[in-house]
Amino acid sequence: MFEFEDIISEVDKADIYSPPQFDATGRVLNKTIVSTTRHVKPLPLTSVNPYRKSESLDREYDMYFVTLDFPWYGASINLMKDWRKKCKTAVCYIVEVWTEDLPKMKNFMKFFDQFDLICIGTHHVLADVQAMTDTPCIFVPPGVDTIKFCPDFEAEKSRSIDVCNLGRRSPSTHSALLNKAEKEDFFYYHELTNGSVLRVEDHQHHRTLTANILKSSRYYITNYAKADMPKLIAGEYEIGYRFFEGAAAGAVLIGAQPKGDLYGKYFDWEDSIIPVGFDEPDISKIIDELDAQPGYIESIQARNAMNSLLNHDWVYRWEMILEALGQPATPGILARKRKLKEMAAAIEPRTRSVKAPATQTAPVGEAVLAR
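For the sequence shown, this note's numbering begins at 1165 and goes up steadily by one.
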């Protein structure tokens, strides 16, 4: 989400404020607020500041834009003193809410009553969250800095990584790819540690690294969000960030897409994904069949990158939020959109469709920004 805020500050006039981590006392306070509010009405807890020391805005702003990973971090909003008085409008973007969170979230809505717009990053709970509040709610899908992630199709450079697999993964698919890498001249890139145990010190360096890895990858394993946590998602399927990142980098996406209409709404072009099951022990055979059609693969790579430039840059998400508030696009937004269209037009000649072989796998079912 830091990348989203960086794009906002690029196309708009914005100051970014990133709160520090809670100290030991703050962690205890926030944990108390969260555990208590999940079960009883918040009452005075809505005004508790876990930081215990407030910060003040030194000027007035057109907008206060707050990004929260989860609704449980709502108390951190209290860090900024008098933000409602000094900001004409206020927007809160809650990145992740799941069905099982809804009963616990009801009391937290008190934290968000002062906002003019609530943006939700998970589509399946939008109506439920809206039913809890009079504040308008909209779905804001994931995005990506498509300029950073866009590959240079003119460069005479082959993709050195055969398959990239980041984040949550299927043990059987992973095992099959490891076996292929052991026996063949095949570069399988994957993580050795759980991402949750790592802390990224510089998000921009991390995004550049991710972009370069994906731009160097021929295939990218992508599955619906939380694919390895069926109890959490409870049959509700969301498009994970991996889809947007991989497509923007011009990689061929292979994996289990979300069921329902949501995926087709945002990835409506031909072969946006090669659909396989989350657990796919025959992944090696599928890749071999795809490798036999280099022209087909090249057209997929170009279409993924081109359509990402036209649809999935973070600037389109920011424009969506401004439209919901009745505010016009800024000159910076319009300039970035022009650049995106120019880049897409340069890629378009490479997107000529080449039919897939008959053996292709069948589908399986001005602002202040506060982080």
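Think of the CB as a built atom: it goes at the ideal place given N, C-alpha and C, for glycine as much as any other residue.
Check                                                                                                                                                         : Outcome
If distances are taken between C-alpha atoms only, which option among Asp-1435, Gly-1404, Gly-1419, Asp-1443 comes closest to Ala-1426?                       : The question names Ala, but residue 1426 in the sequence shown is Leu. Among Asp-1435, Gly-1404, Gly-1419, Asp-1443, the Cα nearest to that of Leu-1426 is on Gly-1404.
Taking 8 Å as the CB-CB cut-off, is Phe-1275 touching chain B?                                                                                                : No chain B is present in this structure, which holds just one protein chain.
List the endpoints of the continuous beta strand (DSSP E) containing Asn-1329.                                                                                : 1325-1329
Could you work out which residue in Ile-1171, Pro-1422, Val-1230, Glu-1174 is closest to Ser-1182 when comparing CA atoms only?                               : Val-1230
How is the alpha helix (DSSP H) around Val-1175 delimited, first residue to last?                                                                             : 1166-1175
Looking only at C-alpha atoms, which of Leu-1417, Ser-1211, Phe-1234 sits nearest to Ile-1282?                                                                : Phe-1234
What residue range is occupied by the uninterrupted alpha helix (DSSP H) comprising Tyr-1480?                                                                 : 1478-1488
Using C-beta distances below 8 Å, list every residue in its chain close to Ser-1472, excluding the 5 sequence neighbours before and after it, in chain order. : Val-1308, Thr-1310, Phe-1313, Cys-1314, Phe-1408, Ala-1411, Ala-1412
Check Ile-1464 in the structure and name its three-state DSSP category.                                                                                       : helix
According to DSSP, is Leu-1542 part of a helix, a strand, or is it coil?                                                                                      : Nothing in the structure corresponds to residue 1542, since the chain is present only between 1165 and 1535.
Name the one or two DSSP bridge partners that Met-1244 has.                                                                                                   : Glu-1219
From Ser-1240, Arg-1323, Leu-1474, pick the residue whose C-alpha is nearest to that of Lys-1501; which is it?                                                : Leu-1474
So Leu-1330 and Glu-1365 are in contact, right, with Cβ under 8 Å, and what is the actual spacing, rounded?                                                   : No, Leu-1330 and Glu-1365 are not in contact; Cβ-Cβ is about 19 Å, not under 8 Å.
Count the CB pairs spanning the region 1481-1495 and the region 1329-1347 that are closer than 8 Å, and state whether there are at least three.               : no
Once the 5 residues before and after Met-1273 are set aside, which same chain residues still bring their CB inside 6 Å of it?                                 : Met-1296, Thr-1297
With DSSP run on the structure shown, which of helix, strand or coil describes Tyr-1401?                                                                      : coil
How big is the Cα-Cα spacing for Leu-1378 and Leu-1341?                                                                                                       : 17 Å
Under the DSSP definition of a beta bridge, which residues are partnered with Ser-1381?                                                                       : Ile-1325
Taking 8 Å as the limit between beta carbons, can you name the residues of its chain near Val-1175, skipping five residues before and five after?             : Val-1479, Trp-1482, Thr-1494, Gly-1496, Ile-1497, Ala-1499, Arg-1500
If I'm right that Tyr-1215 touches Leu-1243 with Cβ under 8 Å, what's the distance once you round it to whole angstroms?                                      : 5 Å
Determine the direct distance from the alpha carbon of Pro-1184 to that of Phe-1168, and round the result to whole angstroms.                                 : 19 Å
Considering just the uninterrupted stretch of the alpha helix (DSSP H) at Lys-1501, what are its terminal residues?                                           : 1495-1511
In whole angstroms, give me the CA-to-CA distance for Gly-1359 and Arg-1371.                                                                                  : Low per-residue confidence applies at Gly-1359: pLDDT is 49, beneath 50, and the placement is therefore not dependable enough to give any value.
For the alpha helix (DSSP H) that Phe-1229 lies in, which residues bound it at each end?                                                                      : Run containing Phe-1229: none in the alpha helix (DSSP H); it sits in the beta strand (DSSP E), 1225-1232.
In the structure shown, what three-state DSSP assignment does Thr-1386 receive?                                                                               : coil
By Cβ distance, which residues of its chain are closer than 6 Å to Pro-1300, with the 5 residues on each side in sequence left out?                           : Leu-1281
Start and end of the alpha helix (DSSP H) containing Lys-1344?                                                                                                : 1335-1347
Spell out the partners DSSP gives Leu-1281 in its beta bridges.                                                                                               : Val-1255
Which of the three DSSP states is assigned to Val-1293 in this structure?                                                                                     : helix
Which one of Pro-1335, His-1367, Val-1327 has the shortest CA to CA distance from Glu-1348?                                                                   : Val-1327
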